[in-house]
Structure formats: structure tokens, C-alpha cells
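Take a look at the structure set out below.
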Amino acid sequence: MLDRSEVGKRGYLNEGFRLFHLKDSRAQQLEYHYHEFDKLILMLGGKVTYVVEGVTYFLKPWDVLLVQHNLIHRPIIDPSEPYERMVLWLGRDWVTARSDPGERLDACFDTARERGFHLLRTDGARRGQYMGIIQNLEEALRSREFGAARLADTLCQQLLIAVNRDILSSHTAAEAPDSYRLDPKMEEVLQYIAAHLEGELSVDLLAKQFYMSRYYLMHRFKEVTGYTLHQYISQKRLLLAGELIRSGVPVMKAAEQAGFSEYSTFLRAFRKTFQVSPREFQS
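By the count of numbering that gives the first Met the number 0, the sequence shown reaches residue 282 at its end, each step adding exactly one.
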């Protein structure tokens, strides 16, 4: 069964955005986790697969992976080659403040989530542009010259504009058929869960809905996603409740809208996941 050591929040972002240039030459075993911020990963080298909400992506150099807040994900790293990447954490308030009406800078994350496909595979013409923006952003973040912070802020926006344009100009996963693997039936189950978090989502109901035995559903779900059906649903309901509370919905109403029938169960699970009470989270 999944516990906090297997699915939890990793990383805290107190500033508007943060850029990391990472290179690992040793084996790592990272657990399934989520963030309250959005994340862009630019793959530079190594052998890495990434599992995002049950879909496995086979990354190549210059691939861009878009991981929206609250999506459960995990990298699987082959230690035979150094894993090098640029990782950009994006604060949601920062993104909102810099977005224009009808042109949100985080629209690329919404589009990726709606499509169920979180990978952007760039071509040669675009790689130079991305690398140029990233290098300039790194330099601006290190600089102590006049206007460096504002320049870094502007370059981060420029990177997001480029990603949004590329996401909108690409259409389906069929453009990169060798880049991912999914189980179509489990994808349907995941989509159904996402659309019905407020209602009943028992194993029996899902098995009947998708014409599977209980055993096969539970076994295959764990095999494909890496976590149990019960824990996945519980985690998603808690994340939804957190989003509702953050937006100003009263705690009890948020618990009900997220599918918790017993308030006491919700309180215990919420505190275990977020390490604070819903009231503390709200404030």
C-alpha cells in the first residue's frame, strides 16, 4: 500500500520561479510525488523514463516535459549514463501576475493535461532558441549587474511564451509515437476518476463500469501507475480539496465536493498529507 514515503510533496517554492541545472552520475531511486507548483523539465542527456499519471515517457535530449501542479509523477533513471537536465519551477501566483487576459502563461500546462500528453519534442530549429533562452536566464540569475533580476523575470516569461507557442502548434501524441507508452483501458479509468472525484469510486463500481474483474483492475492499475487504486483516488481527492480550499471554498464544503463522505476521515487524511490542518492550510 502507498504511504507518505511513496507519494508526497517534494520541494517548496517561496520565490516566483527557480531554475536548476542538474547532472547526476549515480543511481537514484525517486518516489512518486507531486508539487504545488508547475514544473518544466528540459532533458539534456542520459537515459530516463518519466511516469506522469500512469503514462510512461521515454525522454530524448531536448525533450521538454510539462508537469502541472498536483500531477503524480516519478522519474526512472538508468545510471549507465549521467542524467543532465534543466528544471524550472514556476510559482502559480507569479505566472498569474504575468499573464494577460485570454493568454495565460500556464496555458501550455492546461493543454498538456487536457490532451493527456505532457511531452513536447523539439526539432533542430527550436533547440537553439530554447538553449539560448536558458543560457541567458542562467546568466541573469547569477548576475549582480543592474536590472539582472528583471531581465531574468523577462527571460522566464519568454521561455514560457515559446513553450506555449510550440504546444499550441503541435496536435497529438501521434507526432511522437515512440515517445510514450500507455494502457488505453487504464487511461480511460484515470480519466473517469478525474471526472468523478466527487462521486462514488469504489473498486466494484469501476470494475463494472469498465467490464473488468476486481482483481484484474486492481492488479493492472498498480502495474501501470505504480500505486494502488484506493490510494490514488484518496490522494487525488485530497489535492482537489486543497485546491478548493485555496480558492476560498469553506473547508466542509470542499471536503464534500472532493468526494469525502465522512468529515473526520477527511481531516485525518488531510493532516497526514499536507502536515497541517485544513484551517491552517487555508490561512
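Cβ atoms here follow ideal geometry from the backbone N, Cα and C, with glycine treated the same way.
Alpha-carbon to alpha-carbon, E255 and E52: Translated into positions along the sequence shown, residue 52 becomes position 53. Translated into positions along the sequence shown, residue 255 becomes position 256. Each residue's Cα considered, the two are about 24 Å apart.
Less than 8 Å separating the beta-carbons of F57 and S169? For this step, residue 57 is matched to residue 58 along the sequence shown. For this step, residue 169 is matched to residue 170 along the sequence shown. No.
Inspect the CB distances between the region 87 to 99 and the region 22 to 42 and report whether three or more fall short of 8 Å. yes
If you follow the alpha helix (DSSP H) that V188 is in, where does it begin and where does it stop? By one-based count along the sequence shown, residue 188 stands at place 189. That run of the alpha helix (DSSP H) goes P183 to A194.
Who pairs with V22 in a beta bridge, going by DSSP? Residue mapping note: residue 22 aligns to position 23 of the sequence shown, counting from 1. The identity of residue 22 in the sequence shown is Lys, whereas the question assumes Val. For K22, which the question treats as bridged, DSSP gives the partners E83.
Assign L167 to one of two classes, buried (16 or more other C-beta atoms within 10 Å of its C-beta) or exposed (fewer than that). The residue labelled residue 167 in the question sits at position 168 within the sequence shown. With fewer than 16 other Cβ atoms within 10 Å, it is exposed.
What are the start and end residues of the beta strand (DSSP E) that includes D62? For the purposes of this step, residue 62 is taken as residue 63 along the sequence shown, with counting starting at 1. First-last of the beta strand (DSSP E) with D62: D62 to V66.
Let me check understanding here. Comparing Cα to Cα, which of E102, R245, R236 and T95 lies closest to G258? By one-based count along the sequence shown, residue 258 stands at place 259. If we check each option's Cα against that of G258, R236 comes out closest.
Quick one: grab the DSSP three-state call for E261. Locating residue 261 in the sequence shown gives position 262, counting from the first residue. Reduced to three states, the DSSP call for E261 is coil.
Exposed or buried, what is T264 when buried is set at 16 or more other beta-carbons lying within 10 Å of its beta-carbon? Numbered from its first residue, the sequence shown carries residue 264 at position 265. By the C-beta density criterion, T264 is exposed, having fewer than 16 other C-beta atoms within 10 angstroms.
Between the alpha carbons of I75 and L18, how many angstroms are there, rounded? Stepping through the sequence shown from its first residue, residue 75 is reached at position 76. Stepping through the sequence shown from its first residue, residue 18 is reached at position 19. Going from the Cα of I75 to the Cα of L18 covers about 21 Å.
Closest by C-alpha distance to V223, when choosing among P277, E35 and T55: For the purposes of this step, residue 223 is taken as the residue at position 224 of the sequence shown. Checking every option, the nearest Cα to that of V223 belongs to T55.
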